[in-house]
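Let me begin by presenting the structure, written as structure tokens, before commenting on it.
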Ligand SMILES: [Zn+2]
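Numbering (the working numbering), first residue to last: 3 to 228.
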């Protein structure tokens, strides 16, 4: 069950099957753009078809597949702020750090307009978003938590349906990722919806119960009240 106020559109880029999200609250003419990927022309097309103005570009982390659309959006909406976690901000402007160099198609993004840190609240397009630092897939990875009913987590590459973000990159760390999921996400209400950077949405409860890497099957002990 999704909050009826939320109008959510997912645009999956062909390359890396990365999920970009357009999140709008009903009755408004602006929206969030979360992790615009390689198919920015389709994002721009949908924004213009729907007559939506992006109020903020939110990056959960600085890997190329999540930031590739930043520059295309900023060209059209130069005043739309670009937001990323403080510890991943350097990846935006460095093709080697954002991994695109290694994949053979170096890309960079404009620099962040505003960096956020753990515990901060960021407000845009009518959304009040709490920032949670969730390192492991990338050291500066954050998720944006919208405390609606139910909670919605713009989750990037942290927790996937029955999977988790990769930790085999140079600055990845499996133990950090596991700890971030278990201490930051699993204590949230079970019906919290996770909107991941790849694949289908899931819930905190489903992953607690079934996730083979970090959930009960992997030894997680659920001490939250039921
Ligand atoms: Zn990533």
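For glycine and all other residues, C-beta sits at the position ideal for the given N, C-alpha and C.
Supposed contact pair residue j and residue i - C-beta distance, whole angstroms, cut 8 Å
i: residue 62; j: residue 143; result: 6 Å
i: residue 139; j: residue 21; result: About 15 Å; that fails the 8 Å criterion.
i: residue 32; j: residue 60; result: That pair is no contact at about 13 Å.
i: residue 91; j: residue 114; result: 5 Å
i: residue 129; j: residue 10; result: That belief does not hold up - the Cβ atoms of residue 129 and residue 10 are roughly 12 Å apart, past 8 Å.
i: residue 84; j: residue 108; result: Residue 84 to residue 108, Cβ: 19 Å. No contact.
i: residue 216; j: residue 183; result: 5 Å
Buried or exposed by the 16-neighbour rule on C-beta atoms within 10 Å, applied to residue i
i: residue 186; result: buried
i: residue 77; result: exposed
i: residue 135; result: buried
i: residue 204; result: buried
i: residue 26; result: buried
i: residue 15; result: buried
i: residue 223; result: exposed
i: residue 57; result: buried
i: residue 209; result: buried
i: residue 110; result: buried
i: residue 220; result: exposed
Near ligand 1: residue i beta-carbon under 7 Å from a heavy atom
i: residue 201; result: no
i: residue 140; result: yes
i: residue 174; result: no
i: residue 159; result: yes
i: residue 39; result: no
i: residue 71; result: no
i: residue 167; result: yes
i: residue 65; result: yes
i: residue 212; result: no
i: residue 68; result: yes
Option in the options with minimal Cα separation from residue i
i: residue 155; options: 173, 194, 178, 130; result: 194
i: residue 12; options: 216, 48, 209; result: 48
i: residue 70; options: 101, 81, 56; result: 101
i: residue 4; options: 221, 197, 167; result: 197
i: residue 172; options: 104, 45, 51; result: 104
i: residue 37; options: 169, 46, 24; result: 24
i: residue 159; options: 64, 29, 46, 117; result: 64
i: residue 74; options: 28, 45, 30; result: 45
i: residue 117; options: 141, 166, 88, 225; result: 88
i: residue 86; options: 119, 202, 50; result: 119
- Message: Under 8 Å: do the region 36-43 and the region 10-25 share three or more Cβ pairs, one atom per stretch?
- Response: Cβ pair count under 8 Å is three or more, so yes.
- Should the region 148-165 be regarded as contacting the region 94-109, the criterion being three or more beta carbon pairs within less than 8 Å? no
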